[in-house]
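Below: one structure, written as structure tokens.
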Ligand code: PBG
Ligand code: ZN
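Numbering (my numbering), first residue to last: 758 to 1090.
Spelled out as structure tokens, the structure:
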């Protein structure tokens, strides 16, 4: 008589640790990966030559004249970084941000210089008026508030001007209603049907933009951006904003800020088929840098963990001030 052997399913039958036993198996079961090509490096451009001005709240980030930005962008490109996004801070600001739509403006000249020096670098231009207006709002002011439709008229002009200068992609960040449709129409009517639009589709009013205000000198002189940027409390509204931008022809939709909005990135990923970008914003960068400078955290590990979390949440690409550094880390394995 054989004795029946009874195998009871104990709690230990399922041992997830089997797939964590060594680097080889951990690599094979890894679900998300960050690659340099996913990353977009921002630069803050100022007029002049040989300008390298540290941004106080963003250690490792500088306001640069274009001649100083090019070698950095070349290095980023050689490391495989996907692209760069340019923010311009002109010498002269006025009430309508004229420099942003001047074919010889700061950013237009920078685009031409970049394209000449690095023709293969993927070049994105942020398209918004807050760095160009003397009042710091993202469009034309009327009775203390941004006049949406008056702003649309000049938004299209700026986009055309960047396209003429040779930019690869435009990224409207002003949260104007109808902004994407306006830019799409403007580009199409001037023959730039092949220039894609990355829409800052779900952009929240955020304290996380604080250090950017120092870097780009775009803080509003009065009031705030609550009449155009979204309330951080709102989730469904983000889906409506993204739907509108997709309808209007956005090729890529962005969620911004990133870290405190991973749930929104996931929702957008699940609801839409277009590529999703996440903006790992200035305040998120500043927090990591500040803690690292105190020796409180391991900066390299934290950077990679944060970038991985964006990919895991569903982002296809990440705008991040860590881009070049992260690409270096990835290269060194
Ligand atoms: C301006 C703009 C902002 C950022 C990108 N474009 C700031 C703002 O809306 O005040 C923020 C980026 C960052 O904080 O890193 N339209
Ligand atoms: Zn703006």
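Using N, Cα and C, we set each Cβ at its ideal position, and we do this for glycine too.
Distance CB(residue i)-CB(residue j) smaller than 8 Å
i            : j           : result
residue 871  : residue 880 : yes
residue 989  : residue 962 : yes
residue 1041 : residue 965 : yes
residue 931  : residue 895 : yes
residue 801  : residue 928 : no
Local conformation of residue i per DSSP, three classes
i            : result
residue 937  : helix
residue 837  : coil
residue 815  : coil
residue 735  : Residue 735 cannot be examined here, being either before or after the span of the chain that is shown, 758 to 1090.
residue 806  : coil
residue 801  : strand
residue 850  : coil
residue 878  : coil
residue 844  : strand
residue 1036 : strand
residue 1013 : strand
residue 954  : strand
residue 932  : coil
residue 820  : strand
residue 892  : coil
residue 978  : coil
Extent of the continuous alpha helix (DSSP H) to which residue i belongs
i            : result
residue 1068 : 1056-1070
residue 1050 : 1039-1050
residue 909  : 905-922
residue 996  : 993-1004
Residue i, buried or exposed, once every other Cβ within 10 Å from all chains shown has been counted against 16
i            : result
residue 1028 : exposed
residue 892  : buried
residue 998  : buried
residue 865  : buried
residue 888  : buried
residue 945  : exposed
Run of the beta strand (DSSP E) containing residue i, from where it starts to where it stops
i            : result
residue 1076 : 1074-1077
residue 926  : 926-929
CB-CB length for residue i against residue j, believed under 8 Å
i           : j            : result
residue 796 : residue 809  : The Cβ separation is near 22 Å, so there is no contact.
residue 993 : residue 1020 : Their Cβ separation, rounded to whole angstroms, is 12 Å, which puts residue 993 and residue 1020 out of contact at 8 Å.
residue 987 : residue 995  : 7 Å
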